[in-house]
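Colleague:
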Ligand code: PHB
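Residue numbers (UniProt numbering): 1 to 397.
In structure tokens:
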């Protein structure tokens, strides 16, 4: 059995990128169908990162009157860089007049799913895209399998891969499942969620002799923290006491508030940019197009920035028959993507202890950190990049 649906834009992936894109398209009168292999509950409960740039927050507020970013989220006007036993605050508000918001991605997704489903958006959960056909025609289609095991074909004018780092759409855009530029790192993050009061008001990014740690928050009762670990580490191999000893030893100068750990995971990371972001009538956005290590807190923000550009390009193509912005999409998106790659790589390499690093490497790293915090130019670069470069406006400049 096979069912065929007709829509203007077939979006694979109901993450932040796919959902924001469907809203921007709907605002322009362009209908879309979203497919996602997960259930709504899985999408709403998967723990991901939590920092939103100021531009992302402004966009969410404009699109979604129900967003809880200002009630459940917390504005942060700075972060702390900790090294050689001392903390140095990077004051975003004073340096660049901008801030970031700590608002976990799954909360963003709860808001966006409610918004889109409330507006009647067609979202097919538990529907797994298998492949994309006809991207070099003006009738591309997604071939998928629905929750009941039936084939579903979505016929569209354009297909968007917002389907994450294991994207199925990518093969139709780059010609292969993996085709891209990438870099692996010789470490990963051990992440925990614990029941404890916050140990700091703002995030602490700590370079210590024993390796990197990040103190983040979730709410007055729940905290999120990470420490650098081996990519092969087994998250269940450490006792809670060992986890706390590791964390405490990596944030010298602060006594962390400890509490029961109710979630632990090992996050492997790498930098990736697909060789192509667009091929004919298909394009990639978000993690399908690129992944960044989490140290720069750029992942979700970069996905939203892609979508703002692509929505504008699809409006021109589908409402006015003007393909120029779609033709320019990859080059324009890549400017920001490579800046974000650079920032994420830089934060990662400046803060982590690479295995086999020599005393020279370590002392040079401290020199680099000191160069940043001692210089208004250094602090301002970090503040500008972390709070986010301005988003393109939705009207074309
Ligand atoms: C988080 O709170 O999960 C978080 C914050 C900042 C990062 C990465 C993750 O750079």
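A virtual CB, placed ideally from N, CA and C, is assigned to each residue, including glycine.
Every value quoted in this text rests on a predicted model; they were computed, and no experiment measured them.
In three-state terms, what does DSSP make of residue 395?
Modeller: On the chain shown, position 395 is the one that residue 395 refers to. Confidence at residue 395 is low in this model, with a pLDDT of 48, below 50, so the placement of that residue should be treated as unreliable; the coordinate-derived value is given next. In the structure shown, residue 395 sits in coil (DSSP, three-state: anything other than H, G, I, E or B).
Colleague: Confirm the yes/no value for this check: CB of residue 371, any heavy atom of the ligand PHB, distance under 7 Å.
Modeller: For the purposes of this step, residue 371 is taken as residue 371 along the chain shown, with counting starting at 1. Result no, Cβ not under 7 Å from the ligand PHB.
Colleague: Does the beta-carbon distance from residue 199 to residue 137 come in below 8 Å?
Modeller: On the chain shown, position 199 is the one that residue 199 refers to. On the chain shown, position 137 is the one that residue 137 refers to. Not closer than 8 Å, so no.
Colleague: Are the beta-carbon atoms of residue 295 and residue 351 separated by less than 8 Å?
Modeller: Looking up residue 295 in the chain shown gives position 295. Looking up residue 351 in the chain shown gives position 351. Result yes, Cβ atoms of residue 295 and residue 351 sit closer than 8 Å.
Colleague: For residue 111, is the classification buried or exposed, using 16 other Cβ atoms within 10 angstroms of its Cβ as the cut-off for buried?
Modeller: Locating residue 111 in the chain shown gives position 111, where the first residue counts as 1. Its Cβ being crowded by 16 or more others within 10 Å, residue 111 is buried.
Colleague: Find the nearest neighbour of residue 156 within the set 71, 220 and 11, judged by alpha-carbon distance.
Modeller: If you number the chain shown from 1, residue 156 lands on position 156. Taking only the C-alpha atoms, the option nearest residue 156 is 11.
Colleague: Along the chain, where does the alpha helix (DSSP H) that runs through residue 313 open and close?
Modeller: As a position in the chain shown, residue 313 is number 313, starting the count at 1. Here the alpha helix (DSSP H) through residue 313 covers 299-320.
Colleague: What three-state label does DSSP hand residue 48 in the structure shown?
Modeller: The residue you call residue 48 lines up with position 48 of the chain shown. Residue state, collapsed to three classes: coil.
Colleague: Assuming residue 128 is part of the beta strand (DSSP E), what are its boundary residues?
Modeller: Indexing the chain shown from 1 puts residue 128 at position 128. Counting along the chain, the beta strand (DSSP E) containing residue 128 begins and ends at 128-133.
Colleague: Which word fits residue 80, buried or exposed, when buried means at least 16 other C-beta atoms lie within 10 angstroms of its C-beta?
Modeller: Translated into the one-based positions of the chain shown, residue 80 becomes position 80. Under this definition residue 80 is a buried residue.
Colleague: Taking DSSP as the reference, what is the three-state secondary structure of residue 10?
Modeller: Start at 1 with the first residue of the chain shown, and residue 10 comes out as number 10. In this structure, residue 10 counts as strand in the three-state DSSP scheme.
Colleague: Starting from the C-beta of residue 377, find all residues in its chain whose C-beta is less than 7 Å away, skip the five residues before and the five after it, and write them out in chain order.
Modeller: Position 377 of the chain shown holds residue 377. Contacts found: none.
Colleague: Helix or strand or just coil, what does DSSP make of residue 151?
Modeller: As a working mapping, residue 151 is identified with position 151 in the chain shown. The answer is strand: DSSP assigns residue 151 an E or B state.
Colleague: Given a cut-off of 8 Å, decide if residue 130 and residue 145 are closer than it, judged by their beta-carbon atoms.
Modeller: For the purposes of this step, residue 145 is taken as residue 145 along the chain shown, with counting starting at 1. For the purposes of this step, residue 130 is taken as residue 130 along the chain shown, with counting starting at 1. Yes, they are a contact pair.
Colleague: For residue 322 and residue 316, what's the separation of their Cα atoms in angstroms?
Modeller: Numbered from its first residue, the chain shown carries residue 322 at position 322. Numbered from its first residue, the chain shown carries residue 316 at position 316. For residue 322 and residue 316, the distance between alpha carbons rounds to 5 Å.
Colleague: For residue 228, list the residues DSSP reports as bridge partners.
Modeller: Position 228 of the chain shown, counted from the first residue, corresponds to residue 228. DSSP lists 189 as partners of residue 228.
Colleague: Closest by CA to residue 335, which one among 372, 380, 273 and 366?
Modeller: Position 335 of the chain shown holds residue 335. Checking every option, the nearest Cα to that of residue 335 belongs to 273.
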